[in-house]
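Trainee: The following block contains the structure, expressed as structure tokens.
Residue numbers (our numbering): 47 to 338.
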């Protein structure tokens with residue numbers, strides 16, 4: 047078992063992100079109260095969904111992706127790898143799921159290590175060699191070990207709520223005759239601002255956590271070059287995947303090891319992940335540190 051070093055930078059960023067998100071949403075809710083647009087009902091619905099999201103996030107994510115949980119009998123090799131790497135990382139072995147998709151990717155979900163799931167696509171298993179596949183699985187285990195999966199899940203959910211209100215602002219407060227039209231017009235502006243700010247906070251956290259998980263993979267496997275090779279291979283093949291297949295899964299980009307982006311380079315600027323080149327360069331530096 048390796049000695050796991052807590053990344054204080056990641057811990058601080060997760061705490062700051064949740065604090066700022068809470069502040070942003072409190073201001074947003076306060077604005078809704080001021081406009082009298084059925085805020086109590088909104089809060090009740092959001093609160094209920096938030097509880098469901100927290101306790102059943104793993105099932106919801108797996109269902110969204112069309113993933114199926116597999117047993118040791120059906121995937122003995124993958125479970126053998128998962129068992130060994132989990133032991134090295136000093137954590138409970140998560141469950142394993144597989145998505146039948148040509149998009150080569152992987153992600154982890156679950157509110158804590160004992161309720162976590164590592165998911166890989168059939169496209170990923172097909173293109174990576176055993177060493178590269180182990181490095182990717184170790185990367186996902188690092189996310190679970192760092193407890194950043196639940197933070198990004200909650201943060202992404204809250205951002206989605208703000209965007210939903212922004213997109214459907216005209217539905218709120220119907221039947222309120224006393225509401226001024228000028229006040230109602232402020233609602234999409236505030237909701238849109240809330241979504242943009244929260245999305246930027248998520249980007250900052252998500253990009254940092256990917257670097258941390260990359261380092262965790264290097265520590266678990268002892269070979270940073272294996273993950274660097276996997277990242278290069280996945281990102282290169284992603285360009286060959288049909289856009290239809292990418293669009294079907296890009297809503298999960300915050301969870302993936304490599305984002306599935308079907309749009310232009312502008313959307314790369316808003317990517318939840320740092321550039322692959324920067325991640326590979328960081329892994330090269332880690333390997334040089336290990337060799338020294």
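A virtual CB, placed ideally from N, CA and C, is assigned to each residue, including glycine. Fair warning: this is a prediction, and the values are worked out from it, not measured in the lab.
Looking at the structure shown, is residue 292 part of a helix, part of a strand, or coil, going by DSSP?
Mentor: To locate residue 292, count along the chain shown from 1; it is residue 246. With a pLDDT of only 42 at residue 292, under the threshold of 50, the placement of this residue in the model should not be trusted; the figure read from the coordinates follows. Residue 292: helix per DSSP, three-state reduction.
Trainee: Just to confirm, are residue 135 and residue 266 a CB contact at a threshold of 8 Å?
Mentor: The count along the chain shown starts at 1 and reaches residue 135 at position 89. The count along the chain shown starts at 1 and reaches residue 266 at position 220. Result yes, Cβ atoms of residue 135 and residue 266 sit closer than 8 Å.
Trainee: Would residue 132 be called buried (16 or more neighbouring beta carbons within 10 Å of its own) or exposed?
Mentor: As a working mapping, residue 132 is identified with position 86 in the chain shown. Residue 132 should be labelled buried.
Trainee: Can you grab the Cα-Cα spacing for the pair residue 202 / residue 175, in whole Å?
Mentor: Position 156 of the chain shown holds residue 202. Position 129 of the chain shown holds residue 175. Spanning the two alpha carbons is a distance of roughly 32 Å.
Trainee: Please say whether residue 181 and residue 123 have beta carbons closer to each other than 8 Å?
Mentor: The residue given as residue 123 occupies position 77 in the chain shown. The residue given as residue 181 occupies position 135 in the chain shown. Not closer than 8 Å, so no.
Trainee: I'd like the ranges of any alpha helix (DSSP H) spanning at least 4 consecutive residues and lying wholly in the segment 140 to 213.
Mentor: 168 to 173, 176 to 191 and 194 to 213
Trainee: Residue 322 to residue 156, Cα distance in whole Å?
Mentor: For the purposes of this step, residue 322 is taken as the residue at position 276 of the chain shown. For the purposes of this step, residue 156 is taken as the residue at position 110 of the chain shown. Residue 322 and residue 156: Cα-Cα distance of roughly 25 Å.
Trainee: Tell me where the beta strand (DSSP E) around residue 116 begins and ends.
Mentor: Looking up residue 116 in the chain shown gives position 70. Counting along the chain, the beta strand (DSSP E) containing residue 116 begins and ends at 114 to 116.
Trainee: I'd like the list of long-range same chain contacts for residue 260, defined as Cβ closer than 7 Å, with 5 residues on each side in sequence excluded.
Mentor: Against the chain shown, residue 260 aligns to sequence position 214. 185, 273, 325, 328 and 329.
Trainee: If residue 195 sits next to residue 189, beta carbons under 8 Å apart, how far is it from one beta carbon to the other, in whole angstroms?
Mentor: As a working mapping, residue 195 is identified with position 149 in the chain shown. As a working mapping, residue 189 is identified with position 143 in the chain shown. That belief holds up - the Cβ atoms of residue 195 and residue 189 are roughly 5 Å apart, short of 8 Å.
Trainee: By Cβ distance, which residues of its chain are closer than 6 Å to residue 158, with the 5 residues on each side in sequence left out?
Mentor: Walking along the chain shown from the start, residue 158 turns up at place 112. Around residue 158: no qualifying Cβ.
Trainee: May I ask you to report which of helix, strand or coil DSSP gives residue 282?
Mentor: Position 236 of the chain shown, counted from the first residue, corresponds to residue 282. Here residue 282 sits in helix by DSSP.
Trainee: Would you mind reading off the limits of the alpha helix (DSSP H) that contains residue 120?
Mentor: Within the chain shown, the letter at position 74 stands for residue 120. Looking at the DSSP string, residue 120 is not in any alpha helix (DSSP H), and its letter there is neither H nor E.
Trainee: Is the Cβ-Cβ distance between residue 340 and residue 152 less than 8 Å?
Mentor: Past the edges of the chain, shown from 47 to 338, lies residue 340, and the structure says nothing about it.
Trainee: So for residue 234, helix, strand or coil by DSSP?
Mentor: Position 188 of the chain shown, counting from 1, holds the residue named residue 234. In this structure, residue 234 counts as helix in the three-state DSSP scheme.
Trainee: Tell me whether residue 310 sits in a helix, a strand or coil according to DSSP, three-state version.
Mentor: Sequence index remark: in the chain shown, residue 310 carries index 264 (1-based). Confidence at residue 310 is low in this model, with a pLDDT of 43, below 50, so the placement of that residue should be treated as unreliable; the coordinate-derived value is given next. Three-state result, residue 310: coil.
Trainee: Using a Cβ-Cβ cut-off of 7 Å (strictly less than) and excluding sequence neighbours within five positions of residue 139, which residues of its own chain qualify?
Mentor: As a position in the chain shown, residue 139 is number 93, starting the count at 1. Same-chain partners within the cutoff: 128, 129 and 132.
Trainee: Alpha carbon to alpha carbon, how far is residue 63 from residue 73?
Mentor: Indexing the chain shown from 1 puts residue 63 at position 17. Indexing the chain shown from 1 puts residue 73 at position 27. Approximately 15 Å, taken between the alpha carbons.
Trainee: Express the C-alpha separation of residue 193 and residue 56 in angstroms, rounding to a whole number.
Mentor: Taking the first residue of the chain shown as position 1, residue 56 is located at position 10. Taking the first residue of the chain shown as position 1, residue 193 is located at position 147. When rounded, the separation of the alpha-carbon atoms in residue 56 and residue 193 is 10 Å.
Trainee: May I have the straight-line CA-CA distance separating residue 241 from residue 94, to the nearest angstrom?
Mentor: Residue 241 sits at position 195 when you count from the first residue of the chain shown. Residue 94 sits at position 48 when you count from the first residue of the chain shown. Cα to Cα, residue 241 sits roughly 20 Å from residue 94.
Trainee: Is the beta carbon of residue 179 closer than 8 Å to that of residue 137?
Mentor: The sequence position of residue 137 within the chain shown is 91, counting from 1. The sequence position of residue 179 within the chain shown is 133, counting from 1. No, the pair does not count as a contact, with Cβ atoms beyond the cut-off.
Trainee: Rounding to the nearest angstrom, what Cα-Cα distance links residue 102 and residue 338 in this structure?
Mentor: Looking up residue 102 in the chain shown gives position 56. Looking up residue 338 in the chain shown gives position 292. Going by the C-alpha atoms only, they are around 44 Å apart.
Trainee: In whole angstroms, give me the CA-to-CA distance for residue 161 and residue 276.
Mentor: Translated into positions along the chain shown, residue 161 becomes position 115. Translated into positions along the chain shown, residue 276 becomes position 230. Whole-angstrom Cα-Cα distance: 27 Å.
Trainee: DSSP on residue 105, reduced to helix/strand/coil?
Mentor: Here residue 105 refers to the residue found at position 59 of the chain shown. In this structure, residue 105 counts as helix in the three-state DSSP scheme.
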